[in-house]
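The structure appears below as structure tokens.
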Amino acid sequence: MRILELASRNLKETYRDPLALGFLLGFPLLFMLLFGAMFGGDTVPHYPVGVIDEDNTPLSQAFVNDALAKVEVFKLSTYNDTNAAFDDLKLGDLRAYVVIPQGFGEEVSQNWQGKETNIVLQMTYDESDIQVSQQLISIMNTVTRSFARIEIPVTINANPIHIETKITYVDFIAPGIIIFGLLIMIPTSARIMVRDKEKGVLSRLLTTPTSPVDFISGYSLCLVAIAIAQIIIFMAIAWGFGMDYVGSVWLAFLIFFLTGLCSIGIGMVIASLSKSENQAEPLCWLFSMPLAMLSGCWFSIDMLPSYLKTIASAFPYAHAISASRGVITRGVGLAGVSSDFLFLVVWTVAVFIIGVILFRRSMRS
Amino acid sequence: MSSNLAPPAREKDDTFAIQTFQLTRLFGSLVAVDGIELNIKKGELFALLGPNGAGKTTTINMLCCLLKPTAGTATIMGYDINQQPFKIKEIIGVSPQETTISEHLNAQEHLNLIGRIHNINAKELKSRSQKLLETMGLAERAKDQVRKYSGGMKRRLNIMMALIHNPEVIFLDEPTLGLDPQARRAIWDYILQLKGEKTILLTTHYMDEADSLSDRIGIMDEGKIVALGTSRELRMRVVEKRTMIIYAWNLTQKVINEMQSKYAEVKVSDGTMLITDKQLDFKTVVDQLHSLGAMVRSAYFKEPTLDEVFLQITGKELRE
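Protein chains in written order, with my numbering: chain B, 1 to 365; chain Z, 366 to 685.
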């Protein structure tokens with residue numbers, strides 16, 4: 001098999017080069033460790049949040065005591081009426097308060113019985129600090145969804161309620177950081193291909209009966225192996241720093257894998273368009289850094305102006321982040337992320353087709 | 366360049382391994398290869414000789430289907446380079462000018478890669494690569510990564526990669542460029558072993574390389590084939606004056622004066638006489654010397670060098 005031969009040659013060329021290997025595996029490792037040290041340790045921010053339980057059912061109480069109270073980021077205090085909470089918010093003693101309206105328990109129990117019902121919470125927050133308020137909304141959203149989603153037997157009291165209790169900052173930010181790591185596959189894959197082109201290895205092999213598809217597949221297989229290694233490192237370290245996989249680990253992996261594949265394809269297109277490493281490298285960074293920012297690798301993009309959001313959502317990475325966050329922190333299944341998932345698939349297929357076409361054209365000038 | 370860029374209708378011939386038909390390549394306004402016509406026979410070792418920038422590599426790259434001709438075409442074993450590039454790639458072996466190999470793979474892995482790309486089975490591949498590694502003197506270093514090799518070793522590996530799949534036509538682009546004399550000699554020896562068995566097109570800007578290896582030489586300059594023939598034919602073609610060198614006893618002043626009156630240029634030093642003229646007949650000269658009382662011990666014609674041929678044809682000297 002020509003493809004396997006080419007792939008194994010590409011892999012050998014990569015893993016036998018200590019510098020290249022160091023960059024490919026060491027960089028994500030270092031990156032995740034650094035990020036973990038920054039956000040995963042004891043320095044979890046604590047935000048004072050007030051709760052007014054107007055429902056006052058066993059379920060709403062369980063929600064307050066077993067779910068909200070265990071969110072590390074929240075320093076919870078209960079209020080009897082909204083006025084007192086509102087005063088404290090104005091004074092700055094609270095960052096936000098949430099009202100659990102009547103009917104909450106009923107809505108949750110219907111969800112548990114498989115009937116999808118909309119759950120309404122009222123949250124009032126201090127919007128002066130955009131980042132914190134976004135984070136609070138996101139965490140509240142996550143906790144509530146994960147609470148309402150859980151299936152328990154009919155008698156509530158007989159079973160302790162097991163829910164995701166520790167929504168930490170890591171849970172919120174880790175998927176974005178992992179996607180950023182995979183975005184970096186763009187320069188990586190472009191570099192591997194352009195290097196061969198620049199050094200003439202490619203034209204050497206082009207005097208053999210190797211087809212463009214053979215070449216693309218050979219490079220892709222090698223890069224896919226690298227991507228898988230990187231994803232495993234990312235996911236393991238994030239887990240080590242306290243990121244909980246509420247949903248399927250495999251689904252999360254699949255989303256990351258598709259994202260990696262898409263990056264490989266984009267890298268390939270850039271490589272086909274550039275003549276040298278010196279051309280490809282800046283082109284890749286010019287493309288990937290703004291995209292990382294726009295896609296919400298480091299912060300939520302909810303606060304972006306809508307035209308920037310539109311731009312971001314035209315690229316696969318914002319979708320990848322939203323889907324992986326959904327699966328990891330809220331336990332969303334494949335059906336829940338299907339549109340993001342489909343978007344990733346379409347992008348991946350498209351860039352590979354464009355890659356093959358451009359590569360074929362550059363084969364014989 | 367030629368004004369007519371359309372490929373002319375010329376009969377394709379079975380006895381030829383490589384044929385070019387007004388093969389032309391432009392890079393922008395630069396005419397790199399200017400409508401060349403070549404017929405290289407099966408089993409022939411043909412050298413394209415010319416200075417840097419003459420268009421040799423561009424010609425090879427077109428024949429290997431790496432570059433598309435701007436006009437004209439060529440056939441390799443009857444396959445057209447524009448129509449059937451993949452057929453051609455299956456039957457050619459190429460050793461490019463730059464030693465383009467993977468630094469982190471060893472020699473064995475390089476040979477395996479090319480071999481498997483050509484679908485050679487494992488057993489066959491093993492025996493062939495073993496034989497090649499031994500012949501080219503790389504067997505002991507076969508498992509070392511290529512980045513530890515010397516320039517000569519890399520070039521030898523490059524040539525081996527062109528041969529591992531037993532191709533019918535071999536292209537060697539400057540096979541000994543930048544090598545020391547010993548390494549060049551080793552590569553020449555190997556190329557000479559292949560002579561007659563394979564059709565080989567090699568490019569070089571070394572006169573001695575073209576001279577000692579090839580059956581025929583095409584002198585290339587500014588994209589054109591300016592002279593074509595065997596080494597001897599080329600030398601003879603350009604010779605206007607010939608020089609005869611005679612070692613003799615008893616070369617008296619009388620003998621010298623007499624000979625000077627007969628020929629355009631006669632020089633004597635240390636018992637050696639050099640006679641240069643347009644018309645020189647070996648037997649006549651020897652008889653004349655004998656009749657004048659000189660004792661000829663040995664005599665021969667000085668052959669013109671290919672350097673002289675090149676200088677005379679192109680008006681330039683080949684750069685080493």
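Built from N, CA and C at the ideal position, the CB exists for glycine as well.
Item	Value
6 Å Cβ shell around Z:N404 - same chain, five flanking residues per side excluded	F381, Q384
Z:V459: contacting residues in chain B (beta-carbon distance under 8 Å)	R204, T207
Neighbourhood of Z:Q677 by C-beta, 7 Å cutoff - its chain only, sequence neighbours within 5 removed	V603
Distance between B:F234 and B:V49 (C-alpha atoms, nearest Å)	32 Å
Burial state of Z:V655, where buried means 16 or more other Cβ atoms lie within 10 Å	For the record, residue 655 of chain Z in the displayed sequence is His; it is not Val. Its Cβ having fewer than 16 others within 10 Å, Z:H655 is exposed.
Cutoff 6 Å; reference B:T117; Cβ partners in own chain excluding five residues on either side	E107, Q110, N111
Distance, Z:L599 Cα to Z:E668 Cα	11 Å
CB contact check: B:K12 to chain Z, cutoff 8 Å	yes
Under 8 Å from the C-beta of Z:S467: neighbouring residues of chain B	R9, K12, E13, V201
Segment limits, beta strand (DSSP E) that includes Z:L403	395-406
Partners in chain Z for B:E5, counting only beta-carbon separations shorter than 7 Å	L478, R481, I482
Near-chain Z residues of the region 207-237 of chain B (beta-carbon distance less than 7 Å), N- to C-terminal order	T207, T208, P209, T210
For Z:H469 and Z:R512, believed in contact at Cβ under 8 Å, the rounded distance	7 Å
Interface flag, Z:E630 vs chain B, CB-CB below 8 Å	no
Residue-chain proximity (B:P153, chain Z), Cβ-Cβ < 8 Å	In this prediction, B:P153 has a pLDDT of 28, which is less than 50 and means its spatial position is unreliable; what the coordinates show is noted afterwards. Closer than 8 Å: no.
Alpha-carbon to alpha-carbon, B:P316 and B:Y47	33 Å
Exposure label - B:Q122; buried when at least 16 CB within 10 Å	exposed
Neighbour flag for B:E164 against chain Z, beta carbons, 8 Å	Below a pLDDT of 50, predicted positions are generally treated as unreliable, and B:E164, at 39, falls in that range; the measurement from the model is reported next regardless. It does not: the Cβ of B:E164 has no partner Cβ on chain Z nearer than 8 Å.
Buried versus exposed, by CB contacts within 10 Å (16 or more), Z:R597	exposed
Neighbourhood of B:F94 by C-beta distance below 7 Å, restricted to the same chain and skipping five residues each side	Sequence check: residue 94 of chain B is Leu here, not Phe. Within the same chain, B:L94 has close Cβ partners P48, V49, G50, A85, D88.
Per-residue burial, B:A158 [other beta carbons within 10 Å of its own, 16 or more giving buried]	With a pLDDT of 23 at B:A158, under the threshold of 50, the modelled position of that residue is not reliable, and the figure given next carries that caveat. So B:A158 counts as exposed.
Where B:V349 falls: helix, strand or coil (DSSP)	helix
Cβ of Z:E455 within 8 Å of any chain B Cβ	yes
Chain-ordered neighbours of B:D17 on chain Z, where CB pairs are closer than 7 Å	H469
Closest by C-alpha distance to Z:Y555, when choosing among Z:G543, Z:H570, Z:M572, Z:S577	Z:S577
Contact check, B:Y15 vs B:L6, beta carbons under 8 Å	no
Exposure label - Z:S492; buried when at least 16 CB within 10 Å	exposed
Proximal residues to B:P160 (C-beta, below 8 Å), its chain only, five neighbours per side dropped	Any reading at B:P160 is ruled out, since the residue's pLDDT is 26, under 50, leaving its predicted position unreliable.
Start and end residues, alpha helix (DSSP H) containing Z:Y555	546-559
The ligand GDP heavy atom lying under 7 Å from the CB of B:G36	The ligand GDP is not part of the structure shown, which contains no ligands of any sort.
Three-state secondary structure assigned by DSSP to B:Q122	strand
Neighbour-count burial assignment, B:S288, 16 or more Cβ in a 10 Å radius	buried
Proximal residues to B:L261 (C-beta, below 6 Å), its chain only, five neighbours per side dropped	T348
For B:E277, the residue or residues it bridges with in DSSP	Its beta-bridge partners do not exist; DSSP assigns none.
Simplified DSSP assignment, three categories, for Z:Q387	strand
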